[in-house]
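In the UniProt record's numbering, the protein residues as written are 1 to 129.
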């Protein structure tokens with residue numbers, strides 16, 4: 001994919017390409033007990049979701065590409081209005097499954113649409129440090 005993100009990882013978080021052997025030894029300062037960056041790799045984020053979109057609508061839209069339940073999807077809502085804030089998280093069973101789903105969704109032509117809005121898809125970043 002051309003994305004260079006090997007500073008802390010042994011493989012590309014987007015496409016899964018392995019780090020070259022010559023780059024593997026240059027991990028100075030990174031201990032073996034630190035997470036390799038895959039600790040958030042099983043979750044993707046869906047952006048640009050319509051305010052009235054439901055978890056069921058997301059499940060239906062993703063059904064051809066992944067076997068999901070409502071427990072896998074976290075739709076973020078505004079506490080005061082009860083409407084969606086425009087994004088949702090989809091947690092899959094493994095980083096590999098997330099990578100495969102992300103590749104499929106990013107390659108869709110035309111792009112994934114929910115309730116008339118084109119949905120942006122990417123890896124979710126962890127809030128845990």
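Every residue gets a Cβ at the ideal spot worked out from N, C-alpha and C, and that includes glycine.
The structure displayed is predicted, hence computed values, not measured ones.
If I'm right that residue 45 touches residue 122 with Cβ under 8 angstroms, what's the distance once you round it to whole angstroms?
Sure, about 6 angstroms apart at Cβ, within 8 angstroms.
Is residue 72 helix, strand or coil by DSSP?
Correct three-state label for residue 72: helix.
Can the beta-carbon of residue 84 be found less than 8 angstroms from the beta-carbon of residue 111?
Not a contact, by the Cβ cut-off of 8 angstroms.
Leaving out five residues before and five after residue 86 in sequence, what residues of the same chain have Cβ atoms less than 7 angstroms from its Cβ?
If we look at residue 86 and ignore the five residues flanking it on each side, its Cβ neighbours are 47, 48, 49.
Under three-state DSSP, which class holds residue 43?
Residue 43 falls in the strand class under three-state DSSP.
Please name the residue or residues paired with residue 90 in a DSSP beta bridge.
DSSP, once it has assigned bridges, lists 44, 73 as partnering residue 90.
Excluding sequence positions up to five away, which residues of its chain have a Cβ less than 6 angstroms from the Cβ of residue 161?
Only positions 1 to 129 of the chain appear in this structure, which leaves residue 161 out of reach.
How many angstroms separate the CA atom of residue 99 from the CA atom of residue 80?
The straight-line gap from Cα to Cα measures roughly 34 angstroms.
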